[in-house]
Each structure stands twice: as structure tokens, then as C-alpha cells.
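Residues 201 to 303 in the numbering used here are what the sequence shown spells out, letter by letter. Here is the structure we will look at.
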Amino acid sequence: MAKMTVIYKTPKDISFFEKHYYEVHIPLAKKLPGIIKYEVSKEPVISLTGHSDVFLVANLYFESLDAMMESFKTDIGQQCATDRRILASDDEVQIYVYDVKNT
């Protein structure tokens with residue numbers, strides 16, 4: 201299984217972010233081909249390493265890294281990438297993509 205973790209810093213306009221994220225971005229992302237699961241953190245996000253600017257964490261799950269990468273090449277995938285930039289610049293978000301294994 202593959203996972204994408206998206207970490208958003210606290211936005212300048214929280215009400216705009218929340219409205220757009222929940223009403224536009226999540227419904228769009230749930231249309232990604234091959235997406236298995238989409239989960240979002242509940243507030244507050246607490247850092248045990250001293251980071252104080254984390255607002256929201258999202259995790260998207262796919263069958264494999266290849267499936268995830270192919271999904272983001274589609275029209276819906278490109279729309280998601282463009283829409284994410286409405287929510288946060290590259291300086292305001294961290295995105296990690298990796299395989300997950302059960303231990």
C-alpha cells in the first residue's frame with residue numbers, strides 16, 4: 201500500500217481554507233482514480249517535536265506508488281494539484297509519498 205501525507209501550515213485565512221478544503225478539495229480528491237482511503241486530522245494537531253504551525257494533516261491511500269503516480273497524471277489528478285495551490289503555496293505545505301508496510 202502507498203500513502204501520501206500532506207501537512208498544511210496554519211493558513212492566513214482559516215475560514216477560507218476550511219470552506220474550500222472541505223467543500224471543494226476533498227470532494228475533488230475523492231474522485232482520484234484508485235484512491236482507497238482519505239483521512240483528515242481533527243484539531244488540534246499536536247507536535248511532540250516543537251512545531252507549532254501545523255494546521256491540518258491529510259493522508260491518502262492507494263494500492264501502490266505506481267497507482268498513486270498514475271492517478272495524479274489524470275485530469276482529476278491535475279485538478280487536485282492545481283486546487284491544492286489555491287489552499288497553500290509550496291512553502292505552506294509539506295507532501296510526502298511512501299510505501300507502507302505492516303510490521
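Glycine included, every Cβ here is placed at the ideal spot set by N, Cα and C.
Listed in chain order, the alpha helix (DSSP H) elements of length 4 or more contained wholly in the stretch 225 to 272 are 226 to 229. In terms of CA proximity to residue 226, 284 leads the group 284, 207, 251.
A Cβ-Cβ contact shorter than 8 Å links residue 261 with residue 236. Rounded to the nearest angstrom, the Cβ distance from residue 229 to residue 299 is 20 Å, too far for a contact under 8 Å.
Pairing residue 256 with residue 271, the inter-Cα distance amounts to about 23 Å.
Boundaries of the beta strand (DSSP E) around residue 202: 202 to 209.
Per DSSP, residue 213 lies in no beta strand (DSSP E) segment and is marked neither H nor E.
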